[in-house]
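Using our numbering, you'd call the opening residue of the sequence shown number 1 and step up by one each time.
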Amino acid sequence: VGMTEPPEDAAAASSSEGAIGAYVAVDFDDGPETGLTALTSEDDLCDPCYWKFQEVHGFTPKFKVLFKDGFTSFLTTLPSTEDGVTRNEE
């Protein structure tokens, strides 16, 4: 997933770049995990990973991937293919 600043209207961006509610595979050091894509919300401001992402990448995350173990990975853009794969960049 590229690290370019997404448009301010995240909902409009999702329709052209990927789909909210789609399952994507994320490559971690210990192997891939499948998660569900979603828009970030005000609740995410309490997640330290949200702030770490912003500090490391210099962008506010617009999207997130929710995993069954409760972990959340943040993104600035969604994968553009139906079978999206992204790297964990946190």
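Built from N, CA and C at the ideal position, the CB exists for glycine as well.
Output the distance between the C-alpha atoms of residue i and residue j, rounded to the nearest integer angstrom.
i: Ala19; j: Leu78; result: 7 angstroms
i: Ala11; j: Pro48; result: Because Ala11 sits at a pLDDT of 46, beneath the cut-off of 50, its placement in the model cannot be relied upon, and the following sentence gives the value as read from the coordinates. Ala11 and Pro48: Cα-Cα distance of roughly 24 angstroms.
i: Lys52; j: Asp29; result: 18 angstroms
i: Gly70; j: Ser80; result: 24 angstroms
i: Ser73; j: Ala25; result: 11 angstroms
i: Phe67; j: Asp44; result: 14 angstroms
i: Gly21; j: Lys64; result: 10 angstroms
i: Asp27; j: Leu75; result: 13 angstroms
Taking the beta strand (DSSP E) that residue i belongs to, which residues open and close that run?
i: Leu75; result: Thr72 to Leu75
Please confirm whether residue i and residue j have their CB atoms less than 8 angstroms apart.
i: Tyr23; j: Gly31; result: no
- Residue ranges of each alpha helix (DSSP H) within the segment 27-65, 4 or longer: Uninterrupted alpha helix (DSSP H) stretches at least 4 residues long and entirely within the segment 27-65 occur at 48-57, given in chain order.
- Message: Does the structure place the segment 35-42 close enough to the segment 59-67 that three or more beta carbon pairs sit under 8 angstroms?
- Response: yes
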